[in-house]
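Notes for the one structure printed next.
Residue numbers (our numbering): 21 to 128.
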């Protein structure tokens, strides 16, 4: 029996935090993050669309938080998403916001 990675039944981080990153990560400037999912913030900073709302939800998030969730641009996601660690304190805060149990330690 194969166990799904906990992120694939979560998605809480994608519906909890603002995601800002360098404009150089956007397609327009040679990066991989699709321009249609990017909101300009400053000359140097971009933001994932949907993450600046009062109740954030990244527009790249597919599925339902807490049941089955995935990143629609996983291969092209920005650096803050690549660096986010499942089971970290920030992860568990996001899970708590969505009434999900904390993960016990970092998940690889």
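Note that the Cβ used here is the ideal one computed from N, Cα and C, for glycine as well.
| Query | Result |
| --- | --- |
| Separation of residue 106 from residue 27, as counted between CA atoms | 7 Å |
| Separation of residue 66 from residue 49, as counted between CA atoms | 11 Å |
| Opening and closing residue of the beta strand (DSSP E) in which residue 89 lies | 88-91 |
| Coarse secondary structure for residue 71, derived from DSSP in three states | coil |
| Host alpha helix (DSSP H) of residue 100 (start-end) | 99-103 |
| Where residue 76 falls: helix, strand or coil (DSSP) | coil |
| Residue 84 - partner residues in DSSP beta bridges | 88 |
| Residue 40, enclosing beta strand (DSSP E) - first and last residue | 40-42 |
| First and last residue of the uninterrupted alpha helix (DSSP H) at residue 111 | 109-117 |
| DSSP-derived helix/strand/coil call for residue 35 | helix |
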